[in-house]
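Comments concern the structure below.
Chains as they are written, first to last, in the numbering used here: chain A, 777 to 912; chain B, 3 to 810.
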């Protein structure tokens, strides 16, 4: 399994408090600009696959534009409806010389299986979980 | 009960918070009295501390009523409002009222409170000068306060600052003038005061320190404020909030021992047997209390004394103060100066965030605390201050408590004896017991049952958290606020945005909200700003729903739908050809005729949108937004055998005049050329129904989730007049409806009579002003699809291509 920091785009291409989608390998990833850092999650709402990148950002969460599910961007956990144990994958980000980098493994980028939730259905990919965002 | 037995007569002078708190406590005992309460105000008992919220428009008078008339009736209490007791005869055991009445008592309770202190300033009797003590003062100020006028508040203490903020929310340009060099110097050290000053200034309140006011100038009506050192400032309204003085005259005349307040012992007895006093008018151990919590502690002790259960003692209170201004958090308690050799200070400051915390320790115990900018932990310090616990083991985390991972845990960790509501002295245990034993589910029930959170209201969130944690059936009360992020009613918020000239969503969230916002309030605020400033504001696309970011309607697969504007439903062969070409060129999945005489191209990729619009060469139909959708028409006089009015050209003109504007919810219109109503104008938000020689303008119709026949707004002869009336209603709806409120709900809520009165039957000036604002908005609006040529950001429509990709 290969782990890589991929150069994605200039930071300025992701407007403040908005998200943008990017295709990496076989997977679409939503990257959000929170002002003091960038957070990245899989661009598929666990509910009906809605594009999270098009949602309204509320603090460290995004609200899916299709049916209003609220997804935490730090852990990828669904926060509303609250009884849901579903999750989306998260990806570490980093900024170098004004360019945003994403940490991806060949496996996570190709894998379409549903993500695991911390403490719910047994841990999934630990490495992916360590995302803490990146200071600009 | 044995009503025949003659009850002792308890007379209470003062219908304020202290007197009533005491009566409430007395009622808990078995011993019954015949109770008579005299109040010189004409209102039932209300929460005086919340007057500043009334001034700021956050609460109504009803909201702050503590005990309604029903409560007095229920307990058989005689209430004499508007009667001022002028004399007490302790020998005859009677009180004499200014209405000439003489009433005998067995026990007398003096709860006369205090009055505003008026410093020796020349000209205080001028018109436009107010004190801020009671409901009448508040109402008078509200009547006077107008956007743009200059208000000067003399006194930079708790009350002065709250008055200043209230007036500012009402739109006044406010200056606070303070005699001392530190704001709230009785509660804050100099550092805390300077943080507070910065915060007030950042909200737009001017602060002048170290100014001694000498005179209020003006001819009959105040026009300026003069200072000792010169430099007069203009003023249309002046509030004097220079402190309070206990109302002791009655006690003095009755021969009671009086110092600064009426002297009482630990049982709240005055120097005369059978005469008691409570609240702001008393002095205990040399201290006069002017805040609410001590009053309740006194009331409890006094109730025991009066009912023959003498024993509990009042031993003084730890004074704490909390400023109740949205967005300005200040808390102070105990000895916050930290004077004395054995005092140690623990401090934390973050100038950029405006946070300042200081805890004063003496011999390992918390002696005082000052919190500015973040008061979320105040109850923690208050607990320590009261319990006198040794906090030495916690010194490392004194100012940084381990954050609770969720509200529930924090609640669980709290001891049952923890005082949740300092004002009313209600513990966590009491609240939980009430919830269980009475099956309470709402905050309102808990408030009624335990009185918790009926004082200053600062524990409201904590109470709600407790209820949430304990009862599975917790019900959030429906409040007329947008959402939790910005806890204001929408009409207040509109006024705030207007008067404060706030022009960006983030700014509003930071000053009046939680700084974060959500998918509910952000679009609502975006709408309000757009409506108020007609485009002359910072349009923040991140606060808009995706449809309004890319001007198309998102579909269930993430693709978008495109609906070009086809005014009045009238198109042309050339347009139809272009639509067909576009549909083929971009492999549009479905071309559909909509229910509103338009054509919908479904399944367009976001990145194709700009090109689709260019190729169509038609303006946006706004089918994706909370805005003007379309005008549906019948063919009218142009073709129809029965047509009596030209519905086509009128409909097209109506659409032209209103298109591209945002509205609180989507807005659909219809124009029909005769009462057969073929284009269903009577179930549209706005409809024009043609009849022989006139038009009916109808509003508030619906044929969607709700079905409602529109109300008749007016019948007019000329087509131009019909359009004008439609415009009047349109703008009135834009300005007064809540976000996401359709016209049918709006018209029902307001009532068509009022709508008529404030639109088509309003004065000429009001009508002209409505239309003027509408035309301004219209002039600054435009076809959103032109953003195809000048996107608001480089990736508005463009999919980001990664600079490098994985090699799989």
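We put the CB at the ideal spot given by N, CA and C, even for glycine.
Annotation: residue 765 of chain B to residue 500 of chain B spans about 23 Å, alpha carbon to alpha carbon.
Within the segment 520-539 of chain B, the residues whose Cβ lies closer than 8 Å to some Cβ of chain A are 520, 521, 524 and 525, listed in chain order. Cα atoms of residue 695 of chain B and residue 800 of chain B: separation of roughly 53 Å, rounded to the nearest angstrom. Counting only the Cα atoms, residue 280 of chain B lies some 54 Å from residue 793 of chain A. Under the Cβ distance rule, residue 833 of chain A counts among the residues neighbouring chain B, one pair being separated by less than 8 Å.
Residues are counted here when their Cβ sits less than 9 Å from a Cβ of chain A; for the segment 789-809 of chain B these are 794, 795, 796, 797, 798, 800, 801, 802, 803, 804, 805, 806, 807, 808 and 809, given in chain order. Contact with chain B is found for residue 785 of chain A, since one of that chain's Cβ atoms lies less than 8 Å from the residue's Cβ. With respect to residue 178 of chain B, residue 207 of chain B sits close: the two C-beta atoms are nearer than 8 Å. Along the segment 314-362 of chain B, the beta strand (DSSP E) occurs as fully enclosed runs of 3 or more residues at 322-327, 330-336 and 345-352, listed in sequence order.
If you keep only unbroken alpha helix (DSSP H) runs of at least 4 residues inside the segment 636-676 of chain B, you get 649-660. Within the segment 546-571 of chain B, 547, 548, 556, 558 and 560 place their CB atoms closer than 7 Å to a CB of chain A, listed in sequence order. Residue 729 of chain B is positioned such that its CB atom lies no closer than 8 Å to that of residue 663 of chain B. The alpha-carbon of residue 265 of chain B is positioned some 14 Å away from that of residue 255 of chain B. With respect to the 8 Å criterion, residue 705 of chain B and residue 685 of chain B are classified as neighbours on the basis of their beta carbons. Looking at B:376, B:622 and B:740, the one whose alpha-carbon comes closest to that of residue 350 of chain B is B:376.
Closest in C-alpha terms to residue 473 of chain B, from the list B:436, B:507, B:508 and B:144, comes B:436. In the DSSP annotation of this structure, residue 180 of chain B is not part of any beta strand (DSSP E), being labelled neither H nor E. Here the C-alpha atom of residue 601 of chain B lies approximately 27 Å from the C-alpha atom of residue 643 of chain B. Within its own chain, the residues whose Cβ lies closer than 6 Å to the Cβ of residue 363 of chain B, once the five positions on either side in sequence are excluded, are 346, listed in chain order. By the beta-carbon neighbour count (other beta carbons within 10 angstroms, threshold 16), residue 595 of chain B is exposed.
According to the DSSP assignment, residue 857 of chain A belongs to no alpha helix (DSSP H), since it is labelled neither H nor E. A residue is called buried when at least 16 other Cβ atoms come within 10 angstroms of its Cβ; residue 76 of chain B does not meet this threshold and is exposed. The CB of residue 518 of chain B comes closer than 8 Å to the CB of 834 and 835 in chain A, given here in chain order. Rounded to the nearest whole angstrom, the CA to CA distance from residue 847 of chain A to residue 814 of chain A is 15 Å. Residue contact with chain B for residue 853 of chain A: absent (no Cβ-Cβ distance below 8 Å to any residue of chain B). When Cβ-Cβ separations below 8 Å define contact, residue 214 of chain B makes no contact with chain A.
In this structure, the alpha-carbon of residue 370 of chain B lies about 7 Å from that of residue 340 of chain B. Approximately 6 Å separates the beta-carbon atoms of residue 356 of chain B and residue 197 of chain B; this is inside 8 Å, confirming the contact.
Contact annotation: residue 99 of chain B and residue 86 of chain B have beta-carbon atoms nearer than 8 Å. In the DSSP assignment, residue 116 of chain B forms a beta bridge with B:248. By the Cβ criterion, the segment 180-190 of chain B is in contact with the segment 203-223 of chain B, since at least three pairs of Cβ atoms, one from each stretch, lie closer than 8 Å.
Residue 834 of chain A has its alpha-carbon roughly 58 Å from the corresponding atom of residue 252 of chain B. Counting along the chain, the unbroken alpha helix (DSSP H) around residue 494 of chain B starts and ends at 492-501. DSSP places residue 298 of chain B inside the alpha helix (DSSP H), whose first and last residues are 294-308.
Secondary structure note for residue 748 of chain B: it is in no beta strand (DSSP E), and the uninterrupted alpha helix (DSSP H) holding it is 745-752. Membership of residue 201 of chain B in the alpha helix (DSSP H) is indicated by the continuous run 192-204.
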